[in-house]
Amino acid sequence: MNQIINMIIRQLTRKFVNKGIDAGFNKASSMQNNRKKQSQSEIDDYGNPIPQKANPTKRLGGGQGAKQAKQAMRAMRRFGKF
Numbered sequence: 106m107n108q109i110i111n112m113i114i115r116q117l118t119r120k121f122v123n124k125g126i127d128a129g130f131n132k133a134s135s136m137q138n139n140r141k142k143q144s145q146s147e148i149d150d151y152g153n154p155i156p157q158k159a160n161p162t163k164r165l166g167g168g169q170g171a172k173q174a175k176q177a178m179r180a181m182r183r184f185g186k187f
C-alpha cells in the first residue's frame, strides 16, 4: 500500500515540476519580446539627436525560441531517465 502511494506522489510531483519548468521557459522566451532594444540615435552637425524611425517590417521572434527551449527540455528529460 505504501509503495502505491509513493508511486502516485512521484508521478504527481513529476508532472507539477515539468509544468513549472515549461511555464518558466515560456515566460523567459516571452520576456525577450517585451524588452525594448535601446538604439543609440545619430547626432546631426549641431549636436541634436536624430530620431530613428521604427521598422514595422521587422518581426520579433519569440515563439520559435519557446518551441526550441521546450523541445530541448523534453530531450533532456528523456536522456535523464537512462
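Per this note's numbering, residue 106 is the first one in the sequence shown, and the count goes up by one each step. Where is the CB? At the ideal position from N, CA and C, for every residue including glycine.
query	result
Do F130 and A174 have their C-beta atoms closer together than 9 Å?	yes
For S135, count neighbouring C-beta atoms within 10 Å of its own C-beta (all shown protein chains included) and say buried if the count is 16 or more, exposed if not.	exposed
Please report how far the alpha carbon of A128 lies from the alpha carbon of Q116, in whole angstroms.	18 Å
How many angstroms separate the CA atom of I110 from the CA atom of Q169?	39 Å
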